[in-house]
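Going by this note's numbering, the first residue of the sequence shown is number 175, and it counts up by one from there. Cβ coordinates follow ideal geometry from the N, Cα and C atoms, glycine included. The structure displayed is predicted, hence computed values, not measured ones. One structure is given here, and the rest of the page talks about it.
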Amino acid sequence: MRDKQFFKPVNIRHLTNNKLFDEESLAHELNKLVQLNYLAFDPTKTIWQLQGNSMFYGLQQFIKNIEIKDSC
175 MRDKQFFKPV
185 NIRHLTNNKL
195 FDEESLAHEL
205 NKLVQLNYLA
215 FDPTKTIWQL
225 QGNSMFYGLQ
235 QFIKNIEIKD
245 SC
């Protein structure tokens with residue numbers, strides 16, 4: 175079950191606060207992910223979400239596989 179189907183700028187603020195991205199490069203990366211159809215952006219609500227259920231479940235499985243490898 176999808177706990178959280180979208181994210182807002184406040185949810186990724188730590189990326190700029192921790193100097194992983196500056197605001198311009200983060201915006202560029204998010205735009206690129208939208209252009210590549212990995213993310214969908216709703217400008218009326220300023221939210222992003224994964225593009226489709228298959229993308230969500232594929233990413234979820236990928237993360238689970240990484241967690242399994244890290245625990246071994």
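Under the assumption that residue i contacts residue j (Cβ atoms under 8 Å), give the Cβ distance between them as a whole number of angstroms.
i    : j    : result
W222 : L204 : 6 Å
V208 : A214 : 7 Å
T218 : K182 : The pair is not a contact, with the Cβ atoms about 13 Å apart (cut-off 8 Å).
Given that a residue counts as buried once 16 or more other Cβ atoms are within 10 Å of its Cβ, and exposed if not, what is residue i?
i    : result
M175 : At M175 the pLDDT is 40, less than 50, meaning the model places this residue with poor confidence; the figure from the coordinates comes in the next sentence. When all chains shown are included, M175 counts as exposed.
L233 : exposed
L194 : exposed
Alpha helix (DSSP H) containing residue i: first to last residue?
i    : result
G168 : Absent from the model: residue 168. The displayed extent of the chain is 175 to 246, so no value can be given.
Uninterrupted beta strand (DSSP E) stretches inside the stretch 179–224 (no shorter than 3 residues): 213–216, 221–224
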